[in-house]
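Participant: Numbering (the UniProt record's numbering), first residue to last: 1 to 420.
(1) Tell me the residue span of the beta strand (DSSP E) that contains residue 215.
(2) Write down every uninterrupted run of the beta strand (DSSP E) in the region 62–88 whose length is 3 residues or greater and which is fully enclosed by it, in chain order.
(3) Are residue 195 and residue 220 close, meaning C-beta to C-beta below 8 Å?
(4) For residue 356 and residue 122, I'd like the C-alpha separation in whole angstroms.
(5) Would you check if there are 3 or more beta carbon pairs closer than 8 Å linking the region 201–216 to the region 14–29?
(6) For residue 89, which of 129, 108 and 354 has the nearest alpha-carbon?
(7) Quick one: using the 10 Å Cβ neighbour count with 16 as the cut-off for buried, is residue 323 buried or exposed?
(8) In the structure shown, what three-state DSSP assignment does residue 358 receive?
(9) Among 296, 285 and 168, which has the Cα closest to the Cα of residue 151?
(10) Under 8 Å, do residue 330 and residue 321 count as touching if we go by C-beta distance?
(11) Between which two residues does the beta strand (DSSP E) carrying residue 242 extend?
(12) Going by C-alpha to C-alpha distance, which of 171, 118, 124 and 160 sits closest to residue 144?
(13) Whole-angstrom Cβ separation of residue 247 and residue 313, contact assumed at under 8 Å?
(14) Identify the residues that DSSP records as bridge partners of residue 325: which are they?
(15) Determine the burial state of residue 280: buried for a count of at least 16 other Cβ atoms within 10 Å of its Cβ, exposed for fewer.
(16) Got a sec? Which residues, its chain only, sit under 6 Å from residue 295 by beta carbon, not counting five neighbours each side?
(17) Please report how far the alpha carbon of residue 362 lies from the alpha carbon of residue 351, in whole angstroms.
(18) Assuming residue 17 is part of the beta strand (DSSP E), what are its boundary residues?
(19) Residue 193 to residue 186, Cα distance in whole Å?
(20) Where do the N-terminal and C-terminal ends of the alpha helix (DSSP H) with residue 46 fall, by residue?
(21) I think residue 86 touches residue 35, with their Cβ atoms under 8 Å apart; what is that distance to the nearest whole Å?
(22) Count the other CB atoms, across all protein chains shown, that sit within 10 Å of the CB of residue 75; report buried if there are 16 or more and exposed otherwise.
(23) When burial is assigned at 16 or more other CB atoms within 10 Å of the CB, is residue 443 buried or exposed?
(24) Among 274, 265, 27 and 326, which residue has its Cα nearest to the Cα of residue 379?
(25) Which one of 261, 142 and 283 has the shortest CA to CA distance from residue 305?
(26) When you compare each of 317, 288, 263 and 278 to residue 425 by their alpha carbons, which one comes out closest?
(27) Helix, strand or coil, according to DSSP, for residue 33 in the structure here?
(28) DSSP on residue 260, reduced to helix/strand/coil?
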């Protein structure tokens, strides 16, 4: 997007100066290599840190400075991004110009309080807070079992192995090993060794941002993002039963496309045609025309070099659904789709990108992924505009079906453990 300034001190900064919004949004991101050894501690850490600090050691006390900053909001979370585990802290505060005082600098000092002076003592986080958050994290992990679509996707990714198989929250067994001290060790490692990226959207300038975040310049270790290499996988199929009404069919395709290439942008056009939009071939043919699925869609993950297909079906329709899905891909491989559908797909992708400028949260989210892609928003739109029928067909021929998982409805409850 025009106007985004990217620069590096010791930290990497992306700043979008604009007076369009009434708020300033800041995101601080900590990234480390994904590991089964650290995933459970790291996934819990943001929930521990966002609720209290050394100076404000309870949820109630921590709300006070946020209220004094015109009800500023602080959010924290963790996720998998390719081969990395990312912990993020996001701050939203009213624009200085709107209230006529330096609210942003005070808000960033509070954020630094969260990051640099957590509610811990003698190398351990507060046991009562940890116990409470462990209970909530167990509920989040267990809830995956009840959300059959998420559960089926997790089982599919376990078939694929590698980083994809690591649950983003860790497992219950891994969570059982988390302690106040192990959490603090994970915190110290994050502060000392993670790559730290700072993103800011609002009525600010470069000097103001670097001055405000100067205390973080002594932290972290810069390192290059690790991109996954193509992995040769043997085809795998797994079918399981539970007492459910709607079966879940999930397919994984390996995509031979460099995530930093123009083809990774063109893949979004392919995905839109295949199953990404309501006018896509999967939606129109699997769901609407053949009435084989309650829903049918696809999603492209450039960093994982994978494309996933999801469908909610009756178990008796599984074989036919797979055949129809394969037929839609065959059509795309042969370039059998009309110009109007191609242009409609491009327009939907343009619309998504144009909307980014209207929402600071969406804009921050896009910026936080911008170091993954070497293209600006405008360059991406140009690549999309120039994508041809032949481009789509060539990309379709670079997909290889790698795994199929089906969670079938059965008469007897077969409660599958999500412990690993």
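Think of the CB as a built atom: it goes at the ideal place given N, C-alpha and C, for glycine as much as any other residue.
Facilitator: Let's see:
(1) Premise fails: residue 215 is in no beta strand (DSSP E) and is neither H nor E.
(2) 73–81
(3) yes
(4) 44 Å
(5) yes
(6) 108
(7) exposed
(8) coil
(9) 168
(10) no
(11) 236–242
(12) 171
(13) 5 Å
(14) In DSSP, residue 325 forms no bridge with anything.
(15) buried
(16) 312
(17) 13 Å
(18) 12–17
(19) 10 Å
(20) 39–49
(21) That pair is no contact at about 13 Å.
(22) exposed
(23) Not covered by the structure: residue 443. The range shown for the chain is 1 to 420.
(24) 265
(25) 261
(26) The structure shown does not extend to residue 425, since the chain is modelled only from 1 through 420, so no value can be given for it.
(27) strand
(28) coil
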